[in-house]
Amino acid sequence: MLVSMLMAMSGVAVADKTQLPVVSGYAKCVTTHLGALPDAPDDRQIPLHDASVACRGMSETSYAEGKLTLNGKRFPKAWWKEVRTLIDLADVELAREVMDAPGNVKAFDVKWELPDGTLVAVGDRYVPGTIRVRVVAA
2 MLVSMLMAMS
12 GVAVADKTQL
22 PVVSGYAKCV
32 TTHLGALPDA
42 PDDRQIPLHD
52 ASVACRGMSE
62 TSYAEGKLTL
72 NGKRFPKAWW
82 KEVRTLIDLA
92 DVELAREVMD
102 APGNVKAFDV
112 KWELPDGTLV
122 AVGDRYVPGT
132 IRVRVVAA
């Protein structure tokens, strides 16, 4: 039920600020790997899948190699499990935005939606509260 409520809203809600860079970075990686997309939404599925697999692999490798740390300490497995759930939700957001976009939309960007609804560039402004990672047409 929680997942369906989160999916009903646009974006991925991230309350833990230590997870925000990973989820944002993952979504940004996918949109960058997509490059210029074909006109037909059906032709976008394979590039989206390939980008998702490549970026998920990089995220998994970064965690496995101990590159994701806070104050020099590796994050625990429970933290990474939560990040994986958020990455799964990011995949749903990416699929919805990329597959449902009109054919003239060729590229996408990742933005943060602040608690007041303002969209800003990733990392542009931090405010307390839950920040939504959004995928938008570029």
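In our numbering, the protein residues as written are 2 to 139.
All C-beta atoms in this analysis are idealised placements derived from N, C-alpha and C, irrespective of residue type, glycine included.
Just so we're clear, the structure is a prediction, and the values are computed from it rather than from any experiment.
DSSP, read as helix, strand or coil, puts Glu66 in coil. Comparing alpha carbon positions, the residue from Asn72, Leu90, Leu87 and Ala65 closest to Lys78 is Ala65. Here DSSP, grouped into helix, strand and coil, assigns Val13 to strand. DSSP places Val134 within a strand segment (E or B) once states are collapsed to three. Annotated three-state conformation of Leu71 is strand, per DSSP. In this structure, Val134 lies away from Leu38, with their beta-carbon atoms at least 9 angstroms apart. Put simply, the backbone Cα of Thr70 is about 40 angstroms away from that of Asp40. The segment 91 to 136 contains no complete alpha helix (DSSP H) run of 4 or more residues.
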